[in-house]
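Enquirer:
Protein chains in written order, with this note's numbering: chain A, 1 to 135; chain B, 136 to 270; chain C, 271 to 405; chain D, 406 to 540.
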């Protein structure tokens, strides 16, 4: 199991007229979380894309427990349970200090530039395997 | 069962560097869908808010089957299966002509301005009951 | 002088906690306006991109006179005064019925895929010249 | 003259199909810049709103010199030249290390909850005057 934590300051632009964060804006936060988790094991998503890999979102789900407000400092905790094969899942928890605001999950696939499903590049798979063993 | 269909032209702003629509932008489309479904039975969501009701999203899930591209004309089909009580569910299908691109669902609650769960206003509940019977 | 008008229904997602449309969301509306103006003379921006042209925004300015609210039906009026050469300017007016809400302008350049400034393709230049003469 | 600098990591969600940051997404960055400038002198914009003040954007303009890319670490430099009265101006520079990517400016007013122009609260005006004298 791999876990990473990132902090985000809620932007004014992310609120709506209900007075708190618009529900769609949690998805980019999840993405920041997974970018960070990959960076932590030595994988730059930008580099993956430069090598011709894409990681589109196949499924996403979110449970909104409590609202996040403008200027809140929130923490995105991202977890990868298993080694990514053709498809893999990530889970997310968003907290304000100790208060759990949102949970979610996403499923991804590796595809090439033409949109065909492919295995992850060996170097990236190795980095993740190594990190999974160490934890 | 209540169903509505709305058409949306994909905006350039909704794409990302992968070349198609960014996954978070489907959530505002779902919202346009449910606004339309409510309008169809005679309920203005704006009016509901003016009367002190809010309809926050409690849960949302999306399955991305095929990408939507810039300038595509897509159709959002929104379905309400049961009469809304304290909580209610909506499902969504997004199509480009006959091609199914995305499916999703959302769960909502009626709350008042202070965030407390409430029943929907009688006039709105009546309009939905009437529409559900007619279909 | 070429002019086009497009109607847009304000989305909930476009509001912020001030209770009306967040100022950045006018820029995608301007873009919808210019996409429409080009379509009106027979130019698909999507087709321009497919042929290797890009039309990045070099400058943009906006004056916010009155707020736009959720569910408003607004009209974007887009104007091209002169034939596009290497660079060209567009102006925008956003109205709710007869009420002027916002004015703006943008400057664009034609570039190729490598980011080098280029002249617009002949077929597109011809379509615009023709339309400018007819008005 | 007051100046603040904030660092932002470019999000995937902020790119578009041209491969770099969509032009509208610079406006939330400017907003992060001015939130930071206010915080630096001891003013929480959130607190201002809680006291019934609003700071809507009256005008904004942006010059896009070079694109910002996904995962870039950019710096927003925000400058307040004069003490805010009924209206005030801010200017912005966005850099990637030493490379200037974007410049911009915004004009704001203080309004109350009913949208009427008001003077800034005395405590905030004092904090800014003090900070302006010290620099």
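For every residue, glycine included, the Cβ atom is placed at its ideal position computed from N, Cα and C.
Can you tell me whether residue 443 of chain D is helix, strand or coil according to DSSP?
Expert: helix
Enquirer: Counting contacts by CB-CB distance shorter than 8 Å, is residue 151 of chain B in contact with chain F?
Expert: Among the protein chains of the structure shown, namely A, B, C and D, there is no chain F.
Enquirer: With respect to the alpha helix (DSSP H) encompassing residue 142 of chain B, which residues constitute its N-terminal and C-terminal limits?
Expert: In the DSSP annotation of this structure, residue 142 of chain B is not part of any alpha helix (DSSP H); the continuous beta strand (DSSP E) holding it starts and ends at 137–144.
Enquirer: Nearest to residue 540 of chain D by alpha carbon, out of D/465, D/488, D/421?
Expert: Comparing Cα-Cα distances from residue 540 of chain D to each of D/465, D/488, D/421, the minimum goes to D/488.
Enquirer: Go ahead and label residue 511 of chain D buried or exposed: buried means 16 or more other beta carbons lie within 10 angstroms of its beta carbon, across all protein chains shown.
Expert: By the neighbour-count rule (16 or more Cβ atoms within 10 Å), residue 511 of chain D is buried.
Enquirer: Along the segment 5–37 of chain A, where does the CB come closer than 7 Å to a CB of chain C? Name the residues.
Expert: 12, 13, 15, 16, 17, 19, 22, 24
Enquirer: Examine chain D for any beta-carbon lying closer than 8 Å to the beta-carbon of residue 205 of chain B, and answer yes or no.
Expert: yes
Enquirer: Check residue 43 of chain A in the structure and name its three-state DSSP category.
Expert: Secondary structure of residue 43 of chain A (DSSP, three-state): coil.
Enquirer: Give the single residue among B/136, B/143, B/137, B/138 whose Cα lies nearest to the Cα of residue 231 of chain B.
Expert: B/143
Enquirer: What are the residues of the segment 180–213 of chain B that lie near chain C, defined by any Cβ-Cβ distance shorter than 7 Å?
Expert: Within the segment 180–213 of chain B, the residues whose Cβ lies closer than 7 Å to some Cβ of chain C are 181, 205, 206, listed in chain order.
Enquirer: Indicate whether the contact test is met: 3 or more Cβ pairs, each with one atom in the segment 25–42 of chain A and one in the segment 58–74 of chain A, closer than 8 Å.
Expert: yes
Enquirer: What separation, rounded to the nearest whole angstrom, lies between the Cα atoms of residue 479 of chain D and residue 419 of chain D?
Expert: 13 Å
Enquirer: For residue 51 of chain A versus residue 121 of chain A, is the C-beta distance shorter than 8 Å?
Expert: yes
Enquirer: Apply the 10 Å Cβ neighbour rule to residue 541 of chain D and answer buried if 16 or more other Cβ atoms are within range, or exposed otherwise.
Expert: Residue 541 of chain D is absent from the model: chain D starts at 406 and stops at 540.
Enquirer: Who are the near neighbours of residue 103 of chain A in its chain, counting only those whose CB is closer than 8 Å to its CB and skipping five residues on each side?
Expert: 62, 63, 65, 91, 92, 93, 94
Enquirer: Pull up the distance between the alpha-carbon of residue 10 of chain A and that of residue 115 of chain A, whole angstroms please.
Expert: 34 Å
Enquirer: Cα-Cα, which of C/306, C/282, C/312 is closest to residue 400 of chain C?
Expert: Ranked by how close their Cα comes to the Cα of residue 400 of chain C, the residues C/306, C/282, C/312 have C/312 in first place.
Enquirer: Check residue 155 of chain B in the structure and name its three-state DSSP category.
Expert: Of the three classes helix, strand and coil, the one that applies to residue 155 of chain B here is coil, per DSSP.
Enquirer: With C-beta atoms as the reference, is residue 458 of chain D less than 8 Å away from residue 491 of chain D?
Expert: no
Enquirer: What is the DSSP secondary structure of residue 168 of chain B, counted as helix, strand or coil?
Expert: helix
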